[in-house]
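Sequential numbering of the sequence shown, starting at 1, is according to full-length UniProt numbering.
Reading through the structure tokens given below for one structure.
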Amino acid sequence: MTAFDPELAEALTGLPSGPPLGAESLAEIRRAMADGNPSCAEAIGDRDLVWEDRRVSGTDVVVTVVKPREARDAPGFYNIHGGGMVLDDRFADLPRMVALVEEFGFVAVTVDYRLAPEHPHPAPIEDCYAGLTWMVEHANELGFDPGRLIVGGGSAGGGLSAGIALLARDRGGPALAGQLLLCPMIDSRNDSASTVEFAERGVWGRAANEFGWRSLLNGQTSPYAVPATATDLAGLPPAFIEVGAAEIFRDEDVEYARRLWQAGVPTELHVWAGAYHGFDRIAPDSEVTRAALAARASWLRRTIGRA
1 MTAFDPELAE
11 ALTGLPSGPP
21 LGAESLAEIR
31 RAMADGNPSC
41 AEAIGDRDLV
51 WEDRRVSGTD
61 VVVTVVKPRE
71 ARDAPGFYNI
81 HGGGMVLDDR
91 FADLPRMVAL
101 VEEFGFVAVT
111 VDYRLAPEHP
121 HPAPIEDCYA
131 GLTWMVEHAN
141 ELGFDPGRLI
151 VGGGSAGGGL
161 SAGIALLARD
171 RGGPALAGQL
181 LLCPMIDSRN
191 DSASTVEFAE
201 RGVWGRAANE
211 FGWRSLLNGQ
221 TSPYAVPATA
231 TDLAGLPPAF
241 IEVGAAEIFR
251 DEDVEYARRL
261 WQAGVPTELH
271 VWAGAYHGFD
281 RIAPDSEVTR
291 AALAARASWL
301 RRTIGRA
């Protein structure tokens, strides 16, 4: 059985316990997660960055923009939050997003999409696509170069980012310079060897995964919701895929990388030994997290430089 990295295993012991994810506990878990997310002011602190909330015209989609005060011709980053398709909000990734804005000068947009089960597919992916097209349409106003736009997120956000890349390709929508897929949730079959091995270990198990997918799909199927089922991956933007070797998404993410390579898509894959789902948030000062952040930064520099 694959063991957790000792430093990461120690960080797990400090996590608060809570009820298992399900229909009965969903509202309680949502409240707890919202309470734990920082505000923009808290995440930005004394950095010389500005932020604002905007509504996408003709929709109920709200986005938050974070950018350098004098942004001009900057690279763009479109962030989609995680939460198993059923949890969290656009503020969840602010710490990671603010760090990217500070390091790379990104104009960054993070989107609130409607959550399942109240809003099953295609609501989440369509909300994310609406936010992406709004960002590109306002590129001059926001101060970024739409030719250097990366979409990214973790877990469900990684899965939705992969779906957005497919949707933009097929609709002739915004051209993306890259897709940053962090432990993406991309395969609803929930039956890989790693899914079985880590069914009840770590922070996101097989039962929670099944609940998230069932809530999103509600009996439907679509490659935009479940990117692992897409039959044609050609013509997608360059991809960065990161996953832990000790989490349920390991095998589906490695397989997606393999298929991207076969389709001729430039793809970089990192599988971190002993790492569980969300390790970078739970153990931000660990050696594995430092290595993962360095790998992401290297890919981002190369991607926005050659876009």
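Just so you know, even glycine gets a beta-carbon here, dropped at the ideal spot from N, CA and C.
This one's a predicted model, so the numbers in the text were calculated from it and none came from an experiment.
Item to check | Simplified DSSP assignment, three categories, for residue 82 | outcome: Secondary structure at residue 82: coil, using DSSP grouped into helix, strand and coil.
Item to check | Completely contained beta strand (DSSP E) runs for the stretch 181-210, where each covers 3 or more residues | outcome: The stretch 181-210 contains no whole beta strand (DSSP E) run of 3 or more residues.
Next on the checklist: Would residue 282 and residue 43 qualify as a contact pair, given that the criterion is a beta-carbon distance under 8 Å?
Outcome noted: No, the Cβ-Cβ distance between residue 282 and residue 43 is not below 8 Å.
Checklist entry - Does the distance from the C-beta atom of residue 75 to that of residue 148 stay below 8 Å? => result Yes, the pair counts as a contact, with Cβ atoms nearer than the cut-off.
Checklist entry - What are the boundary residues of the beta strand (DSSP E) that includes residue 254? => result Here residue 254 belongs to no beta strand (DSSP E); instead the alpha helix (DSSP H) covers 250-262.
Checklist entry - What separation, rounded to the nearest whole angstrom, lies between the Cα atoms of residue 243 and residue 158? => result Taking the straight line joining both Cα atoms gives about 11 Å.
Next on the checklist: Taking the straight line between their C-alpha atoms, what separation do you get for residue 64 and residue 95?
Outcome noted: When only Cα atoms are considered, residue 64 and residue 95 end up about 13 Å apart.
Checklist entry - Grouping DSSP H, G and I as helix and E and B as strand, with all else coil, what is residue 110? => result Correct three-state label for residue 110: strand.
Checklist entry - Do you know how far the Cα of residue 131 is from the Cα of residue 141? => result Their Cα atoms are separated by approximately 15 Å.
Checklist entry - Less than 8 Å separating the beta-carbons of residue 125 and residue 225? => result Result yes, Cβ atoms of residue 125 and residue 225 sit closer than 8 Å.
Checklist entry - So what's residue 240 in DSSP terms, helix, strand or just coil? => result Looking at residue 240 - three-state DSSP - the assignment turns out to be strand.
Item to check | Residue from 262, 270, 171 with nearest C-alpha to residue 251 | outcome: Here the closest residue by C-alpha is 270.
Item to check | Helix, strand or coil at residue 287 [DSSP, three-state] | outcome: In the three-state reduction of the DSSP assignment, residue 287 falls in the helix class, which pools H, G and I.
Checklist entry - Whose C-alpha, out of 41, 52, 114, 285, is nearest the C-alpha of residue 82? => result The shortest C-alpha to C-alpha distance from residue 82 to any of 41, 52, 114, 285 is the one to 114.
Checklist entry - The beta strand (DSSP E) spanning residue 279 covers which residue range? => result Segment 279-282 is the alpha helix (DSSP H) holding residue 279; no beta strand (DSSP E) there.
Item to check | DSSP state of residue 226 mapped onto helix, strand, coil | outcome: Here residue 226 sits in coil by DSSP.
Next on the checklist: What does the alpha-carbon distance come out to for the pair residue 189 and residue 202?
Outcome noted: Going from the Cα of residue 189 to the Cα of residue 202 covers about 20 Å.
Next on the checklist: Once the 5 residues before and after residue 273 are set aside, which same chain residues still bring their CB inside 6 Å of it?
Outcome noted: Closer than 6 Å at Cβ, skipping near neighbours: 245.
Item to check | Residue range of the alpha helix (DSSP H) that includes residue 100 | outcome: Residue range 94-104 is occupied by the alpha helix (DSSP H) that includes residue 100.
Checklist entry - Helix, strand or coil: how does DSSP classify residue 294 here? => result Correct three-state label for residue 294: helix.
Checklist entry - What are the residues that DSSP puts in a beta bridge with residue 76? => result In the DSSP output, where bridge partners are listed per residue, residue 76 has 107, 149.
Item to check | Pick from 59, 28, 292 that is closest to residue 133, judged by C-alpha positions | outcome: Comparing Cα positions, the closest option is 59.
Checklist entry - Looking at C-beta atoms only, is the number of pairs between the stretch 200-214 and the stretch 84-101 that lie closer than 8 Å three or more? => result Yes: at least three Cβ pairs fall under 8 Å.
Item to check | Pick from 146, 120, 275, 25 that is closest to residue 215, judged by C-alpha positions | outcome: The residue with the shortest Cα to Cα distance from residue 215 is 120.
Next on the checklist: If contacts are defined as beta-carbon pairs under 8 Å, then residue 183 and residue 249 qualify, I think. What distance do you get, rounded to the angstrom?
Outcome noted: Contact between residue 183 and residue 249 holds: their C-beta atoms lie close to 5 Å from each other, under 8 Å.
Item to check | CB of residue 112 within 8 Å of CB of residue 62, strictly | outcome: Yes.
Checklist entry - Considering only the beta carbon of each residue, do residue 77 and residue 152 sit closer than 8 Å? => result Yes, the pair counts as a contact, with Cβ atoms nearer than the cut-off.
Checklist entry - Secondary structure at residue 133, three-state DSSP: helix, strand or coil? => result It is helical.
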